[in-house]
Every structure is written in C-alpha cells, then in structure tokens.
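Residue numbers (our numbering): 166 to 262. Remarks on the structure that follows.
Okay, here's the thing in structure tokens:
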C-alpha cells in the first residue's frame with residue numbers, strides 16, 4: 166500500500182511516456198546531481214569540523230617502554246616510601262639498621 170504522497174512523487178519522477186525511454190541511456194539526472202552534491206557538501210562540513218576538533222587535542226604520547234618501566238618501578242618504590250615513614254616491612258624501625 167502506497168501513500169498518496171509516495172504515489173504523487175512517483176508520478177512526477179517517472180516519465181509519462183515510458184515507451185520513449187531508452188533503458189540503456191538512463192542517467193541520474195538533476196535529482197541525482199543534487200543528492201550527490203549534498204552528500205559532498207556534508208562530507209566537506211564534517212571534515213572541517215573534525216579538523217577543528219583534532220587541533221584541540223594534545224597528542225603528548227608516552228613511549229611504550231616508559232609505560233612498562235613505570236609499571237615495574239612502582240612496586241619497587243612503594244617499600245622505600247614506607248621505610249622513610251619510620252617502619253620497614255619486617256617490623257623494625259628505619260633508624261635501627
């Protein structure tokens with residue numbers, strides 16, 4: 166079931182003289198050009214917006230080796246921090262030796 170709007174649009178878009186239509190020479194026409202131009206304009210606007218947003222992003226990348234070294238160094242510094250606090254892990258005071 167087609168609505169009245171769809172049937173009206175189909176009537177205006179399809180040529181009335183269907184016998185004169187050469188099926189090997191069908192082109193998109195003006196409507197195809199308009200749709201293609203709108204898609205191109207939309208892509209252009211989206212690219213400009215993306216470039217504007219990407220300029221705001223700070224890309225200070227940390228090398229992978231530095232991340233791995235920081236992960237392995239973190240547990241090694243934790244006991245030293247508690248030793249400075251006055252007590253070691255074995256229960257002795259840091260000043261006792």
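Cβ atoms here follow ideal geometry from the backbone N, Cα and C, with glycine treated the same way.
Helix, strand or coil, according to DSSP, for residue i in the structure here?
i, result
"residue 229", "helix"
"residue 217", "helix"
"residue 237", "helix"
"residue 207", "helix"
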